[in-house]
Ligand code: AMP
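In my numbering, the protein residues as written are 6 to 214.
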């Protein structure tokens with residue numbers, strides 16, 4: 006299985022790149038932000054509790070997002086692999102992801118971080134807020150709080166994967182397709198030979214470090 010953690014602050018381009026990656030590698034996209042927003046839309050109790058924290062730019066509790074990922078993995082046992090987008094955001098979440106994937110005799114293949122400076126993130130998110138309808142994208146103060154939460158609580162997850170030699174970082178500013186090409190180069194170096202064989206399009210991708 007090919008399991009990619011796409012990492013980076015809010016507005017780094019994880020969602021955009023995820024859409025391109027699922028098409029290329031036939032992966033299931035698991036975005037904890039999307040899963041939480043779906044709970045909010047459905048008006049569930051979990052959604053109501055999460056909404057308060059999300060609107061403030063704070064993280065929802067680990068056990069909530071871990072539980073969501075656990076059921077998504079159980080519901081997609083025939084998947085070729087997953088893109089984890091916005092998860093894990095804490096070290097306990099990363100540890101749980103290792104434990105959960107081990108149940109299926111697999112693990113995280115690699116983590117790819119998109120690096121983008123704060124001013125660019127604020128600009129992008131305010132722009133996205135004009136059409137996304139997301140309350141957390143429409144207020145500069147809340148956006149800066151989310152970036153701060155990323156820097157204080159989430160950035161250390163990179164170290165967790167660096168210790169396992171799975172961490173890669175890329176400049177997230179540039180042409181979307183160029184960044185996508187660089188991500189594919191990293192993935193193709195981590196991809197098990199059997200997956201490359203079953204997806205010739207991926208095998209022909211040029212490796213750019
Ligand atoms: P995102 O769509 O990834 O920007 O996430 C939107 C919001 O959902 C975040 O600001 C958090 O409040 C919450 N959230 C999403 N994923 C997680 C996670 N892995 N851990 C905790 N909170 C999360």
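Built from N, CA and C at the ideal position, the CB exists for glycine as well.
If we ignore side chains and look at the alpha-carbon of each, how far apart do residue i and residue j end up?
i           : j           : result
residue 87  : residue 116 : 12 Å
residue 130 : residue 143 : 8 Å
residue 23  : residue 29  : 10 Å
residue 133 : residue 19  : 13 Å
residue 218 : residue 65  : Because residue 218 is not part of the residues shown, which for the chain are 6 to 214, the question remains open.
residue 192 : residue 111 : 16 Å
residue 148 : residue 128 : 10 Å
residue 164 : residue 105 : 20 Å
residue 139 : residue 159 : 21 Å
residue 79  : residue 109 : 9 Å
So residue i packs on residue j, CB below 8 Å; how close in whole Å?
i           : j           : result
residue 162 : residue 95  : 7 Å
residue 7   : residue 41  : Residue 7 to residue 41, Cβ: 25 Å. No contact.
residue 52  : residue 126 : In fact, because the Cβ distance is near 26 Å, the residues do not count as touching under 8 Å.
residue 188 : residue 26  : 7 Å
residue 114 : residue 184 : Residue 114 to residue 184, Cβ: 19 Å. No contact.
residue 155 : residue 14  : 4 Å
residue 49  : residue 181 : Wrong, their Cβ atoms sit about 34 Å apart, outside the cutoff.
Leaving out the 5 sequence neighbours to the left and right, which residues in its chain are closer than 7 Å to residue i when beta-carbon positions are compared?
i           : result
residue 69  : 51 and 55
residue 171 : 113, 115 and 116
Below 8 Å CB to CB, which residues in the same chain sit around residue i once its five sequence neighbours on both sides are set aside?
i          : result
residue 84 : 6, 32 and 33
Would you be able to state if there are at least three C-beta pairs under 8 Å between the stretch 83 to 91 and the stretch 31 to 49? Output reads yes: the stretch 83 to 91 touches the stretch 31 to 49.
Quick check: the stretch 112 to 127 against the stretch 174 to 191, are at least 3 beta-carbon pairs closer than 8 Å? Contact between the stretch 174 to 191 and the stretch 112 to 127 is present, because at least three Cβ pairs lie under 8 Å.
Does the contact criterion of 3 or more C-beta pairs under 8 Å hold for the stretch 72 to 84 versus the stretch 96 to 116? Judged by Cβ distances under 8 Å, the stretch 72 to 84 makes contact with the stretch 96 to 116, as three or more pairs qualify.
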